[in-house]
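Quick note, the sequences are listed as chains A, B, C and D, same order.
Whatever position you read off the first sequence (first residue = 1), add 21 for my numbering.
Whatever position you read off the second sequence (first residue = 1), add 21 for my numbering.
Whatever position you read off the third sequence (first residue = 1), add 1 for my numbering.
Whatever position you read off the fourth sequence (first residue = 1), add 1 for my numbering.
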Amino acid sequence: MKLYEYMAKEIFKKHGIPVPEGYTVEKPEDIRPFEGEVVLKSQVLVGGRGKAGGIKFASGLEEARKIAEQLLGMDIKGYRVRKLLIEPKINIQKEYYMSFIVDRSSREAMLIASAEGGVEIESVPDEKLFRRTINPLIGIQPNVIRALSYKLGLTKEQAKGMVRIVNGLWEVFTQEDADLAEINPLVLTPDGFVAADAKLIINDDSLFRHKDLEIVEEEYTPLEREAREKGIAFVQLDGNIGVIANGAGLTMATLDVLSLYEGKAGTFLDLGGTDNPEKVKEAFGIIREAPIDVVFLNIFGGITKCDTVATGVVEAMKDRPMNMPIVARIKGVNEEEGKEILRSEGIHAFSTLDEAAREAVKLAGGE
Amino acid sequence: MKLYEYMAKEIFKKHGIPVPEGYTVEKPEDIRPFEGEVVLKSQVLVGGRGKAGGIKFASGLEEARKIAEQLLGMDIKGYRVRKLLIEPKINIQKEYYMSFIVDRSSREAMLIASAEGGVEIESVPDEKLFRRTINPLIGIQPNVIRALSYKLGLTKEQAKGMVRIVNGLWEVFTQEDADLAEINPLVLTPDGFVAADAKLIINDDSLFRHKDLEIVEEEYTPLEREAREKGIAFVQLDGNIGVIANGAGLTMATLDVLSLYEGKAGTFLDLGGTDNPEKVKEAFGIIREAPIDVVFLNIFGGITKCDTVATGVVEAMKDRPMNMPIVARIKGVNEEEGKEILRSEGIHAFSTLDEAAREAVKLAGGE
Amino acid sequence: MAVLVDEKTRVLVQGITGHQGRYHTRAMKEFGTNVVAGVTPGKAGELVEDVPVFNTVRDAVNETGASASIIFVPAPFAMDAVLESIDAGIKLIVTITEHVPVHDAMKMVSYAKMKGTRIIGPNCPGLASPGKAKVGILPNTVFTEGNVGVVSRSGTLTYEIVNSLTEAGIGQSTTVGIGGDPVIGTNFIEMLELFENDPDTEKIVMVGEIGGTAEEEAADYIKEHITKPVYAYIAGRTAPPGKRMGHAGAIVTRGRGTAESKIRALESAGVKVAKIPTEIAELIAKDL
Amino acid sequence: MAVLVDEKTRVLVQGITGHQGRYHTRAMKEFGTNVVAGVTPGKAGELVEDVPVFNTVRDAVNETGASASIIFVPAPFAMDAVLESIDAGIKLIVTITEHVPVHDAMKMVSYAKMKGTRIIGPNCPGLASPGKAKVGILPNTVFTEGNVGVVSRSGTLTYEIVNSLTEAGIGQSTTVGIGGDPVIGTNFIEMLELFENDPDTEKIVMVGEIGGTAEEEAADYIKEHITKPVYAYIAGRTAPPGKRMGHAGAIVTRGRGTAESKIRALESAGVKVAKIPTEIAELIAKDL
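Following this line, the structure appears as structure tokens:
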């Protein structure tokens, strides 16, 4: 779960990382009088806000409120700006980059830092990056912070200040169960290091132990959110074939096969290991809301039984008929029974993914 | 460093382990009025206080002060009682034992617990002990506390209460750098578990990071304390041969060889790897205060050079002559030079430990 | 022979009294697996499918000599269950549980390494050596004995592929679902090494998907160390970037983890990559 | 051959710019050791005894290919130095530093195990393979080449014993001081195993002392696994209980760790136990 910048900064602060003293507003008139300059930062869950015009500076209250007027409600890459973070402008001497991520290869955490901050880290050449895997059981050790400080060319004084930043960000990363904890840019000011921006993605599977966190749902479409609430793995795509399959790998493979025949999936819906008819009904409830022209059901019955899935489909249809064709591919345990059940509802079920995919694409008008 | 019970209990409390609400007194009149019964516990760094009469109960203020009068100043196994811990008497339903120690074999921590508390843990048969090594990097996990609760035959409610005790004691053990953290007895009261006694030994080598701890010196003799302050490894023994050697193993071996010839060492003084004449002088300064009849110097010169040690000895003698014979055994680098230097002071130096030990024992009157 | 599990494996089921635990205890027994014990705290003394239940893993190991464990414990308690088994001396732990927090996964994988224990998963279907034993939730019906080793990040897709192998008369030595999470106990490389050293495995099938660089690293490893022919399928060619495709690990982020990159790497390591899942059986059949 | 270190070992000195670091860098070089690098943070670019100094272990490893490290870093920073070397891929770390907090020792030993690194020490004199290399502070003068492997918990006592071997014409393959602390990276059993497998070692000398049960465990191991003759000396027969005899680990507590118990265990495992240190050379000479 991605957090908004202002939420991430609150958490960073709690773990001892200096952040600018800011506050959020949802209305221009809530901006308080200030001296000097402020920055108005659109709170959206997408990168590249700055380039998209979502970050502005203002020198007086009136100017700030005028800018806020423009920013609030603005659309940035499909995300509506509902909140602004107002912060005093900071005195930037130099910008750095720092993050902790989960490193799949080493199966440990990874600390990444660079003396080139404020830019996309992917654009920084490898030799300018400090990268170090951090074992979760031993944690951050002084030698790592030392090595980082040498690599970043810090003075002794700066290196001392860096200790607090690295340890704080490690605390954020581990105690908040983050997939990613990022400061970009990490700004050197006359008063030391400050996290000018903050990005924090909480590991979804750990949310049960972070009940205090406000749930951020904006990264999902309304339909995705509904599926999420029902515990269904669902992704909305931009084609017109509504794919339901069982198992994430098989569902992905179904998308791929459709594409081989020039078809385009409009949904990724993974039924998972279930053959509970209620779940199947729920799945159809989600998918019928998506802007698709054909439903493509692909079931491999292993533990899941084909006939019980088919029963679920039939029940879903009885509840509320689908006003579009359904193409099914059914294979595995109780395959024949499943096909028979579907046939009774006029759904033709194929045995091979290939055949079924061609049929679905044809019906979707792709062939 | 062994802590007094009252100090250990303060630390236990800080880590969430319930302890009786007590206070210490050094004078009987400092005992405050109370209701019910109190226990007066002599604060000494030695086990078996109870049997030695160092723990008493009292029902009224007058009785308590009378008992305090008796206890304060009392000698328990060579330790003078200077402080009493005054606590309300607790309602004991059952006594348990629990401790964490450093386990040398596994090179991990070890949790030991038993449903037989209040007795010496050595006397509890193995099959009644719960023993589990705890890796320092992973720490205490719920499954260990579960297993412990089954072994101790706790009810579900009691097992819940045990979580806090085990986690608290683990925190004490790790965060306070303990060699031993022990609760014996751990008492089950109508209000849950309470640490009725508390034993805590802080790892000496970690004291540098526990500057807040009050230093407890009573476990040493005055001479041992003096050596400790000078950074000399020194143990006072009950024989009359004052042994100085270099290296702990060699010093122990010297004691053993003396004993083979019926001699008895009065000191264990390990010069360590040094041949700094100042250190040698300091060592002689310590040893001359011990009640011994002969000094036995055993040096193997490896990195340490025999001649520089000998120079140190001669300088120490010049500073202040020893009024007892010195037997030396010198071997290794610059052996001949070392012997020559000692000879100039009238000290005969042998090459073999065997010969030198016999001579020392003879001079000590043991042969 | 087979890898990791065979007829001598003595299996312990952690979370045996739950719905999944019960169901798959029976299924594993039907497969021929020697399921010797179950663990559910507080349920000692019960029997599930004739398998005795214990309160702790240590009790179960002491009483039954269990040597491998399968975890059906809910995600919040899965790490503790795994650590309990590691400390009780279990050397193979198959973690079926999905939604294990990734920081828990990192910790348990590190701890297992320290203690010399192999973890499969989490979020995996486990493994099966047909004719010998199954420690997992894979369907009993799709397998047949043979000498193709299958390793996969997915579940149902694997069953589909194995089923198509079986239908084509191509048997399997061992099939391992290593799990769809970003952090898993045993990865492609480690399984490839096991298959390479297994005399009963002649060919290897690798089923990958988008996310991470495990397939690319496996490709490098294959180039250097694998002499047996490898066939692969990679799912997620058409998955949009930034979207998590069901599996926690199946996501293309910041341009990394695309199917194209994986397919390219595997092909350059001499691996035959199928375009649709069932094509794997055809590719192998052609080579026979 | 010898165990752990030989002429191919490329040694890194952590804390090389301190007094001890400098002194022993020279002594190791004089012994013939290939000292390739030193590390002291902030001192990169300096030379100590012609050895280049780096800020970090990783820099040193990258530039010089160091394969073993010796630690002279003060106790409060010793764990960090050891962890730095482990993470930089060093596979043998000799920790000379004494007074390392015991909780630090437990952590670094666990971490080393996870990462497949061997630690010798802490609070140890290191090790020497005469004619090949020394990674330690043992005196150069006492050794001679031969085929007795020596393993000891002590320092000077070891030099004394090795010297008496040398004087009796009995050479050594490798001498290892494993350290006098309660928690050490490599124990008697692990060294015995190495010596048993070393074709250049024909006899083994074990120097123990009071405290703990390492010698008793070694005796059990010898009974089961060691075919080469073992000779032992145990120091501390006359040490009073409850008193720490110089070494942090040399203490008899609660009736455990006595010299008698150790001697009895070793003798019952067929080990010849000497009464005084120099008797070991005599016992070996008799068997020649």
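C-beta atoms are modelled at their ideal positions from N, C-alpha and C, and glycine is treated no differently.
Asked: Inter-stretch contact at 8 angstroms, needing at least 3 Cβ pairs: the stretch 90-103 of chain B / the stretch 185-203 of chain B; Found: no
Asked: Within 8 angstroms of chain A by C-beta, residues of the stretch 152-175 of chain C in sequence order; Found: S153, R154, S155, G156, T157, L158, T159, Y160, E161, N164
Asked: Top-ranked residue by Cα proximity to G180/D, from G150/D, N164/D, S165/D, A249/D; Found: A249/D
Asked: 8 angstroms Cβ cutoff, D81/C in contact with chain B; Found: yes
Asked: 9 angstroms Cβ cut-off: residues of chain A touching E85/D; Found: Q162, P163, N164, V165, R167, A168
Asked: Cβ separation of S70/D and Q15/D, assumed to be a contact under 8 angstroms, to the nearest whole Å; Found: 6 angstroms
Asked: 6 angstroms Cβ shell around G39/C - same chain, five flanking residues per side excluded; Found: V14, I17, V49, V52, V54
Asked: Alpha carbon of L84/D to alpha carbon of L132/A, nearest angstrom; Found: 16 angstroms
Asked: Buried versus exposed call for E388/A [16 or more other C-beta atoms within 10 Å across all chains shown]; Found: Low confidence applies to E388/A: its pLDDT is 47, below 50, so where it sits in the model is not reliable, and the reading given next is rough at best. Exposed, by the Cβ-count rule.
Asked: Contained alpha helix (DSSP H) runs [length at least 4] in the stretch 181-254 of chain C, N- to C-terminal order; Found: 189-198, 215-226
Asked: Through-space distance from I159/B to E220/B, alpha-carbon basis; Found: Per the sequence shown, the amino acid found at residue 220/B is Lys instead of Glu. Answer to the nearest angstrom: the Cα atoms are 24 angstroms apart.
Asked: With 16 other Cβ atoms within 10 Å as the buried cut-off, status of R125/B; Found: buried
Asked: Proximity winner among M22/A, G182/A, N112/A, relative to D396/A (alpha-carbon distances); Found: Nothing about residue 396/A can be reported from this structure: the residues present for chain A run from 22 to 388 only.
Asked: Classification of E50/B by the beta-carbon crowding that lies within 10 angstroms, buried from 16 upward; Found: exposed
Asked: Beta carbon proximity, D198/A to chain C, threshold 8 angstroms; Found: yes
Asked: Candidates T228/C, P183/C, E280/C, of which the one nearest D226/A by Cα; Found: P183/C
Asked: Residues that S68/C contacts on chain D, provided the C-beta gap is smaller than 8 angstroms; Found: The contacting residues do not exist; S68/C stays about 22 angstroms from chain D at best.
Asked: Short Cβ contact (8 angstroms threshold) for Y117/B with P41/B; Found: no
Asked: Where T96/D meets chain B, residues with beta-carbon distance less than 7 angstroms; Found: Correct list: empty, because the minimum Cβ distance to chain B is about 13 angstroms.
Asked: Buried versus exposed, by CB contacts within 10 Å (16 or more), Y44/A; Found: exposed
Asked: Near-chain D residues of the stretch 112-145 of chain C (beta-carbon distance less than 7 angstroms), N- to C-terminal order; Found: K114, M115
Asked: Residue from G256/C, G66/C, G46/C, P42/C whose Cα sits closest to the Cα of D81/C; Found: P42/C
Asked: Contacting residues, own chain, Cβ-Cβ under 6 angstroms from K287/D (five flanking each side not counted); Found: none
Asked: CB contact flag (G96/C, C125/C, <8 angstroms); Found: The residue asked about is misnamed: residue 96/C is Thr in this sequence, not Gly. Cβ distance < 8 angstroms, so T96/C and C125/C count as in contact.
Asked: Buried/exposed call for R230/A, threshold 16 Cβ in 10 Å; Found: exposed
Asked: Test: T202/D CB closer than 8 angstroms to a CB of chain A; Found: no
Asked: Collapsed DSSP secondary structure at K87/B in the structure displayed; Found: helix
Asked: Inter-residue spacing [alpha-carbon to alpha-carbon] between A45/C and G174/B; Found: 13 angstroms
Asked: Identified DSSP bridge partners for T279/D; Found: None; T279/D has no bridge partner.
Asked: C-beta neighbour in chain B for P42/C, strict 8 angstroms; Found: yes
Asked: Members of the stretch 256-280 of chain A that neighbour chain C once the beta carbon cut-off is set at 7 angstroms; Found: V256, L258, N267, G268, A269, G270, L271, T272, M273, A274, L276, D277, V278, S280
Asked: Cβ of H226/C within 8 angstroms of any chain A Cβ; Found: no
Asked: Beta carbon of P131/D nearer than 8 angstroms to that of T145/D; Found: yes
Asked: Chain A contact for T57/D (CB, 8 angstroms cutoff); Found: yes
Asked: Residues near I155/A by beta carbon distance below 8 angstroms, same chain, minus five either side; Found: F121, E129, A130, M131, L132, I161, V165, W191
Asked: Beta-carbon gap between K263/D and E216/D smaller than 8 angstroms; Found: yes
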